[in-house]
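Asker:
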Ligand code: SF4
Ligand code: SF4
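Numbering (the numbering used here), first residue to last: 360 to 429.
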C-alpha cells in the first residue's frame with residue numbers, strides 16, 4: 360500500500376493534485392483552508408496509490424510533503 364500526506368496549513372485549494380492523480384484518489388474535503396475554500400484529502404479505499412509522486416510534484420505550495428509505500 361502507498362500513502363501521501365497533505366499539509367492542511369499549506370494547501371491553497373488549487374486542485375491541481377485532483378486533476379493529476381491517475382486514480383483520482385485526491386478529493387475535496389469538508390475542511391476549509393487558508394484561501395476560504397475546501398482543501399483536499401487522500402482517499403484510497405481500494406489501495407490504488409502507486410506512489411508515483413505526480414501529486415507532490417504538481418503541488419505549487421509543496422503541501423504534499425510525503426509519499427511512501429508500506
Ligand atoms: S502518489 Fe500518484 S497515485 Fe498516489 S495519490 Fe499521488 S498522484 Fe495519485
Ligand atoms: S495541488 Fe497542493 S495546494 Fe493545490 S489543492 Fe493539491 S495539495 Fe492543495
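C-beta atoms are modelled at their ideal positions from N, C-alpha and C, and glycine is treated no differently. On a predicted model such as this, the values are computed, not experimentally measured, just so you know.
Please report the residue range of the alpha helix (DSSP H) in which residue 377 lies.
Answerer: First-last of the alpha helix (DSSP H) with residue 377: 375-379.
Asker: Going by the DSSP bridge assignment, what does residue 401 pair with across the sheet?
Answerer: Residue 401 pairs with 385.
Asker: Might you give, ordered along the chain, the residues of its own chain that have their beta carbon closer than 6 Å to the beta carbon of residue 413, omitting 5 neighbours on each side?
Answerer: Closer than 6 Å at the Cβ level, and outside the excluded window around residue 413, lie 379.
Asker: Please determine, among 402, 368, 369, the residue with the shortest C-alpha to C-alpha distance to residue 360.
Answerer: When only C-alpha atoms are compared, the closest one is 402.
Asker: Measure from the alpha carbon of residue 390 to the alpha carbon of each residue in 365, 428, 421, 424, then state which is nearest.
Answerer: Residue 365 is the option with its Cα nearest to residue 390.
Asker: Assuming contact is defined by CB atoms lying nearer than 9 Å, are residue 377 and residue 408 in contact in what I supplied?
Answerer: In this structure, residue 408 does not lie closer than 9 Å to residue 377 by Cβ.
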